[in-house]
Structure formats: structure tokens, C-alpha cells
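Read through the structure below, which is laid out as C-alpha cells, and then see the notes.
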Amino acid sequence: MKNRFYPHAFLLAALLLPAAPRAEGQDWSDFNGNVMGQKYSTASQITPANVKNLGVAWSLHTGDVSYGGAGKMPKTQWQSTPLFVNNTVYVSTPFFRIFAIEPDTGKVKWIYAAHTMSNEPNAKFRGRNRGIAYWAVANPVAGQHCQKMLYIGTVEGQLHAIDADSGQLCQGFGNHGILNVNQWNTVNPKFPFELNQPPVVYKDMLVLGWAGIDSLWQASPPGSVFGLDARTGTKRWEFQTIPENMRQKIGTANVWAAMSVDVANGMVYLPVSSPENNFYGGDRLQDMPYATSVTALHADTGQVAWARQLVHHDLWDLDTNSAPTLVDIPKGGKTIPALVQATKQGFLFVLNRLTGEPIYPIVEKPVPKSNVPGEIASATQPWVPTPAPTVGDRFPGIFKLADWAGGGQCSRDYASYRDEGRFTPPSMGGTVVMPPTAGGVEWGGGAVDPATQTYVVNSSNLVRIYQLMARNEFNALEKKIGPAAGSPNFGSPYASRTFNFFNKWGMPCWNPPYGTLSSYDLKTGKLLWRHPFGQVQQWGFYMPESWGSVTIGGPVITKSGLIFIGASMDSRVRAVDLKTGNVLWKHMVAAPAVATPAIYTYRGRQYILFAAGGNNLVSPRVGDQLVAFTLPN
Amino acid sequence: MGSLSCGRGTWCIVLASITGLAIALYDYVTPETGIDQSGGVLLVIVAMGLMLCAALSVALLGSGLVAGILFFLILLDIVGTAIAGYFLESPMLMGAMVIAAIGWFRCLVVSAQRNWQ
Chain A
315 MKNRFYPHAF LLAALLLPAA PRAEGQDWSD FNGNVMGQKY STASQITPAN VKNLGVAWSL
375 HTGDVSYGGA GKMPKTQWQS TPLFVNNTVY VSTPFFRIFA IEPDTGKVKW IYAAHTMSNE
435 PNAKFRGRNR GIAYWAVANP VAGQHCQKML YIGTVEGQLH AIDADSGQLC QGFGNHGILN
495 VNQWNTVNPK FPFELNQPPV VYKDMLVLGW AGIDSLWQAS PPGSVFGLDA RTGTKRWEFQ
555 TIPENMRQKI GTANVWAAMS VDVANGMVYL PVSSPENNFY GGDRLQDMPY ATSVTALHAD
615 TGQVAWARQL VHHDLWDLDT NSAPTLVDIP KGGKTIPALV QATKQGFLFV LNRLTGEPIY
675 PIVEKPVPKS NVPGEIASAT QPWVPTPAPT VGDRFPGIFK LADWAGGGQC SRDYASYRDE
735 GRFTPPSMGG TVVMPPTAGG VEWGGGAVDP ATQTYVVNSS NLVRIYQLMA RNEFNALEKK
795 IGPAAGSPNF GSPYASRTFN FFNKWGMPCW NPPYGTLSSY DLKTGKLLWR HPFGQVQQWG
855 FYMPESWGSV TIGGPVITKS GLIFIGASMD SRVRAVDLKT GNVLWKHMVA APAVATPAIY
915 TYRGRQYILF AAGGNNLVSP RVGDQLVAFT LPN
Chain B
-16 MGSLSCGRGT WCIVLASITG LAIALYDYVT PETGIDQSGG VLLVIVAMGL MLCAALSVAL
44 LGSGLVAGIL FFLILLDIVG TAIAGYFLES PMLMGAMVIA AIGWFRCLVV SAQRNWQ
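Quick look at the structure:
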């Protein structure tokens, strides 16, 4: 019998056999790993036992970095978590370019450049980007254009849609591939919508918020969120955060951070920021229930399902600033669909995500009154005793070393400021604020292991002084010292000045630690462990590990019991044992890796991917390095 | 003031300061060290330069008040640089300062022995 070749049989077999299986959860298809904001990977090749062997698989410099100093171009802030999907690593840069990269070699497949004026060194360019979104049709047909799409926003409110295979604009989206989101910026359009954060994907829709400029104009664009058709960019719905009768005089309360989605229940969750003026609310005494809240919308319609305000009449710029983490918690014989909303206050609000009701009690506590003429601070504020807040309720005490080095300056200054604990309102003489707008949990948010309901979050212990100034006083100061005078808040009776509570040498006046990493059991609300995290670096000198570091960017968790995180000032990326919080591995990268890392598995190998780009808030060091780590062969 | 002609001890300090200078220069220009372009490393570069000059001067002068003062300042330089190396997390710099310290003590012991005789 002759051997015969049957090509159609092979074809049939190829069609019947499933594609090479990829373990679920080993892509990184969203800014937060998945749309539930979990930052979790089922990858388990890298374990606590072998993580010490982790080495660089590949490293890439994008060239998209500004070190500041030249012209008007500021230092870049590369906060873009890469995606791994469609067998490709995608990452966007602060110059609004997208790199498509081979996941195992780091070789660039194509680059898309959003040719915007943002590429020019002008005043509007703010040199920051936080990533891209990915959407694909349910059953992509090979070879067909724009079945898989990437979205990148720009500083002028333009949303670009790009074919994920070719890097070409998708002509059917917006105007030849670019949607002018700024066309909907019609009330107090003092600045264009900055599309810094990528949209979140819900079915065939994109849900999009925007960022703006704080503390410049009280009457700035009011917060809005858009539901868009993923294929065409057509607006399906719009949600406004500020009551209609206030929109002409009060701006923002926008959604500038990532959102999360519960696809099964058709809900999208919005972390809503604070309204303008950030530090004086005498012109907005009316109730604004969505300001500084977590708000749930029905994703198909944009209608409000529920909202929970996390700070009443916010006077501290305590924007809700990270995507809520969605997780199911077994409790009392039931499984509760929950969300965890980390905050700048350091409170972790654990809520039923279908109703907004708290799973752990929220207490309304009396708080200090304002002594600023015209201001009426809220009499109470929401307080979350469990889980234990990541930041203490009181000023942690004067750091003696800094006080001594500054000749007693810290003690003297502290005595002159107002400090009555959490939620002490800003004052004319200066108020000690802890945690301030850059403190607590930043936009990286937390990560969760959905199997064990272990929640991990990094947090900063920062103290700032908030001071209000009468308009004429501010004008005189501004004439004298220029922009260092503070923020004008045009349209408000008060300008504001906020600054870190440092001595004259730049040393923090408050006791360390300056940053921590904490782990919680969401089933009980118990704190499992908390350790100082990262190291402060000043003039190159590393301070003791027990001091920790201010952090920006979040952690990710793997099924094998590891936490990966950059975030700290010292340009090191770390692997931490999920059980104990002990650092098991660390590696130097080009700049603080303030972007949350991504984890993926490709051709049987697990990779950890960090964008090391820096952020002025934690360290002057900036960079353009994308670096992937893996185990040796 | 007795003689400081301590031969190998001084050259040990010269060698350590050259090594320290090379390490600090490398650290200053290499981003992977995490301490590049930093004021701390710049301080070490200056300190190593001064140590090198001081050690050579001691070797040439051999004795006298100036040599004695320089010899004492070298000790301060060694201690200060070692502390800087600790906080810069640069073990190689600290290693170089250990060599410098060995040289300094050898110099001290040899000089003391000669002066005693």
C-alpha cells in the first residue's frame, strides 16, 4: 500500500483541533491585568523558591524621554502599564507613541505615532501617559483589518484607534481613525480633555474619562464620562458628575483614573475625583453626591446604579484615584460580589458592588471645623476602621534627626500650623495634612488574589502643609516670587499653596516610615502583614530600609504567591513573598518603575515586564526603559 | 614630628584612592548603578582626588607638620568615604577604603617603629 498525502485531512484536523491552549489569565489585556482591576496573573512558573534566579530577558529603550530643563518640555512621567495580548507586547510612551513588541525577544514589530502637537515642546505637553486599551471582535477573522484595536488618547482630547496587527489607523473609528473627544468639552472649556488614562472596555464599548488641570480655574470643565462604540467611536451615553445647576461655576470631579467593569452584571465603576476649587469649598456648599466618590453605572446606558461618597465636601483634593478592585468574598456562608476601593485617605472601602452597601462598617465621625471665612466644612466624614487604614489618623511625630539638622525648624514650624488630625481643613496659617493629595494609595491601587481573597496595596505616608491665601496677598506674592507663590484658583476668593513638610535641607519633618506595603485577608478584614517598602534615596545615598519610600504605581500578584512591584524612589523592582511580605528578589532598573508591571506567559515562559520611566513626585530620575525578566532556560 | 616614610603603606593608600576614584567615576556615568549623576558620588570623586593628592604628598614629603596633618586628614577621608560607600550601597568602594585603611595603619605602625628606634 502506498502512502498517500491527504491535504484536506490535515486541514480538517487543523479546524477541529483547538488552538494551542493558553492558560486563562496569562495575558495582560488591560491596564490592570483584567477589567476587574485585580492585577492578578494565574502564571505560576516563577515561584518564591526560584524567583532569586530571575534575570533580564530583554530590555528596550524607546527614546521617548525628556529630562526637563530644555525649553518648556517638562520631565516625562512614564506610567504606562504594558499590555500583552494578541501574542504581542504593546506599550505606549509619554510622547504618545505605541510600540508593538515581540514578547520573547523585545524586537519592535511596528511603532504608531499619534502625530499631535503633544510631540512638540510646548506648554500644553505634560509628558505623561498611562497606557492603552485593547478591544477585539468576538471572533476575529484573520487578515481582516481592525478586528483587534488599540486605543491611545492624547493631551488634546483625541482618541486614536489603531489596528493591533498592522499599527494602522482604523478608518471606521471617529474621523479616519481619530475621535475628537474634546468636541464634548463645551462647559468652561479652559483646557482640552487630557486623555491620559486609557478607556476601559465593556463588551463592544469603551468607557472613557479624562484628566484636567487642578487649582488653576474654579470654573473649569465639569467631570464627564463617555460610553463609546468601540468600532466607530459613536457616543452612546454621557454621564455628568456635577449637578446641572453648578456646572457653570464649578469644574472637574472628573474620572481621570482607571475604571473597572463587572461584565456579568453589566456595571462599570468610576473613581470620581474632587471638585474645584480643590482646597476651598465656600462656592460649592451645595451637595455634590458624585464628587470624591465611587460611582457604579449600568454600563449599557450610563445610568447610575449607586454611588458612595468617600469624602464629603472635599477640601483636601482627595480624588478617588484608582480603579476599584472587584472580587467575590465568601462570608457567612454566602459569596458577596465585592469591590475594594483604595483611597488617598488610606481607607479601604469594601463594598457590595451590586448595591454599594459596606461589607465592613463605615462610620461617620465628627471632624474639625473650618476657620476660613466663607467655608463650611462637613461636620462628619466617612471613616473605615476595618480593614485597618494604610495611613494613621494622626501626625506621626517630629522626626528628631530632621529637626536637629534643621536647627529646630521642624518643631517651630509644626507649632505654628493647625493640626487636629485627619480632615483638619486648610487654613490661612497653614494646616498639617496627612495624608495629603499625594499620600495614601495612589493611582496604582491594590491587587487581589481572587482565590484566597488576599488584597495587597502600597501606600505613602506623606505630610503636606495646605495654606489658603487671600487673593490680594497671593497677587503680591506672585509678583515677587512667580509661580512658587502657589496655585491661583482663578474665580475663587482664595488662592492656595501646598508644600511638603520638609526642613531646609529637604529632609522630611515627620517620623518614618514614608511608605509601606500591606496585605489583608478580605474574608475577615484583618491586616496580615505590613512592612516598610522601598528605600528613600537622596543625593544617591540610600536611607535605611526601615524608612520605606513614597511610592507611585501598584503591585501585581501571581498564583504562585508572589507580588511584583516597582513603585519606590530607589529605581529597584522587587518580588515579595505574598505570605510574609519579605523581599525575595530585587533588581536595579533605569528609573523608578512607577508603572504597574505586567505579567504574561509566552511560548511556555513567564515574563515580568516593567516600564521604568520615573515620576518627579518620587524622584528626579526619569527613563525610557522597558525591561522583561524571566527565569533562565 | 617624626618621619612618615612608611613605604608600602603610602602606596597602598595611593592605590586605594586610584581604585576608589575609578569606581566612583564608573558609578557616576553608569545608569545601572542607580547612583549615577548623584551628588553623593560626586562627593566621593572629590574625596578620592584629595586622598590621592594627600597620599602622594605624604610620600614625597616624608615628614614634617604638613605631612602629619595630611596623614590625619587621609584618615578622615577614608572613614568618610567608607561611610559614603555604605550609604551609596557600593561594596567595592568600601573595599577600596579597607585597603586604604590597611595602608594607613601600616604607615602608622611602621612610622612608630622607626621613630621608636
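Chains A and B, in that order, are what the protein sequence lines are. Take the position in the first sequence, starting the count at 1, then add 314; the result is the number in our numbering. With the first letter of the second sequence counted as 1, position 19 gets the number 2 in our numbering; the numbers rise by one all the way through. We put the beta carbon where it would ideally sit given N, CA and C, even for glycine.
Members of the region 4 to 35 of chain B near chain A, C-beta cut-off 7 Å: 14, 15, 17, 18, 21, 22, 23 and 24
Alpha-carbon to alpha-carbon, residue 82 of chain B and residue 919 of chain A: Each residue's Cα considered, the two are about 45 Å apart.
Boundaries of the beta strand (DSSP E) in which residue 835 of chain A is found, first to last residue: 829 to 835 is the span of the beta strand (DSSP E), which, as asked, contains residue 835 of chain A.
Proximity test, Cβ basis, 9 Å: residue 67 of chain B and chain A: yes
Residues of the region 66 to 89 of chain B with Cβ closer than 7 Å to any Cβ of chain A, in chain order: Of all residues in the region 66 to 89 of chain B, only 70, 71 and 72 place a beta-carbon less than 7 Å from a beta-carbon of chain A.
CA-to-CA distance, residue 84 of chain B to residue 61 of chain B, given in whole angstroms: 7 Å
Rounded distance between the beta-carbons of residue 774 of chain A and residue 800 of chain A, thought under 8 Å: In this structure residue 800 of chain A does not touch residue 774 of chain A by the C-beta definition: roughly 22 Å separates them, more than the 8 Å allowed.
Three-state secondary structure assigned by DSSP to residue 781 of chain A: DSSP places residue 781 of chain A in strand when its eight states are reduced to three.
Selected residue, minimal CA-CA separation from residue 8 of chain B, among B:31, B:37, B:48 and B:41: B:31
Residue from A:633, A:875 and A:914 with nearest C-alpha to residue 897 of chain A: A:875
Pick from A:503, A:427 and A:532 that is closest to residue 492 of chain A, judged by C-alpha positions: Checking every option, the nearest Cα to that of residue 492 of chain A belongs to A:427.
Sequence-distant residues of its chain with Cβ nearer than 8 Å to residue 667 of chain A (five each side left out): 576, 579, 581, 583, 610, 638, 640, 651, 652 and 653
Those residues which DSSP pairs with residue 890 of chain A across a bridge: A:877 and A:897
Three-state class that DSSP yields for residue 857 of chain A in the structure shown: coil
Neighbour list for residue 885 of chain A in chain B, Cβ cutoff strictly below 7 Å: 17
Sequence-distant residues of the same chain with beta carbon closer than 6 Å to residue 554 of chain A, five excluded per side: 538
Distance CB(residue 713 of chain A)-CB(residue 822 of chain A) smaller than 9 Å: yes
The region 362 to 380 of chain A in contact with the region 540 to 547 of chain A per 3-pair CB rule at 8 Å: The way I'd put it, the region 362 to 380 of chain A doesn't touch the region 540 to 547 of chain A; fewer than three beta-carbon pairs between them come closer than 8 Å.
Alpha carbon of residue 808 of chain A to alpha carbon of residue 785 of chain A, nearest angstrom: 5 Å
Cut-off 7 Å between Cβ atoms - residues of its own chain near residue 634 of chain A, not counting five sequence neighbours on either side: 585, 586, 587, 606, 607, 608, 624, 655 and 657
Complete alpha helix (DSSP H) runs within the region -15 to 41 of chain B (minimum length 4 residues, chain order): Every alpha helix (DSSP H) stretch that sits fully inside the region -15 to 41 of chain B and reaches 4 residues is listed by chain position as -9 to 12.
CB contact check: residue 924 of chain A to chain B, cutoff 9 Å: no
Continuous beta strand (DSSP E) stretch holding residue 423 of chain A: start and end: Start and end: 422 to 427.
Three-state secondary structure (DSSP) of residue 976 of chain A: There is simply no residue 976 of chain A to check, as chain A begins at 315 and stops at 947 in what is shown.
Span separating the alpha-carbon of residue 67 of chain B from that of residue 902 of chain A: Between residue 67 of chain B and residue 902 of chain A, the C-alpha separation is close to 19 Å.
As assigned by DSSP and simplified to three states, the class of residue 954 of chain A: Residue 954 of chain A lies beyond the range of chain A shown here (315 to 947); nothing can be said about it.
Residue 850 of chain A versus residue 71 of chain B - alpha carbon distance: 12 Å
Near the ligand FMN: residue 915 of chain A beta-carbon under 8 Å from a heavy atom: Among the components of this structure there are no ligands whatsoever, and the ligand FMN is therefore not found.
Residue 904 of chain A at chain B interface by Cβ criterion, 9 Å: yes
Residue environment, residue 437 of chain A, which counts as buried when at least 16 other CB atoms sit within 10 Å: Confidence in residue 437 of chain A is poor, its pLDDT being 42 and thus under 50, which makes the residue's placement too unreliable to answer from.
Chain B contact residues for residue 856 of chain A, given Cβ-Cβ distances below 8 Å: Residues of chain B whose Cβ lies closer than 8 Å to the Cβ of residue 856 of chain A are, in chain order, 70, 71 and 72.
Residue 930 of chain A - DSSP class collapsed to helix/strand/coil: coil
Contact with chain A by residue 2 of chain B, beta-carbon distance below 9 Å: Not an interface residue.
Within chain B, the residues that residue 962 of chain A reaches when beta carbons sit closer than 7 Å: Given that chain A is displayed from residue 315 to residue 947, the structure contains no residue 962 of chain A and the question cannot be resolved.
8 Å contact criterion, which residue 357 of chain A and residue 871 of chain A should meet: CB distance rounded: Actually they do not touch by this definition, with Cβ atoms about 10 Å apart.
Segment contact, 8 Å Cβ cut-off, at least three pairs: the region 832 to 839 of chain A with the region 725 to 740 of chain A: no
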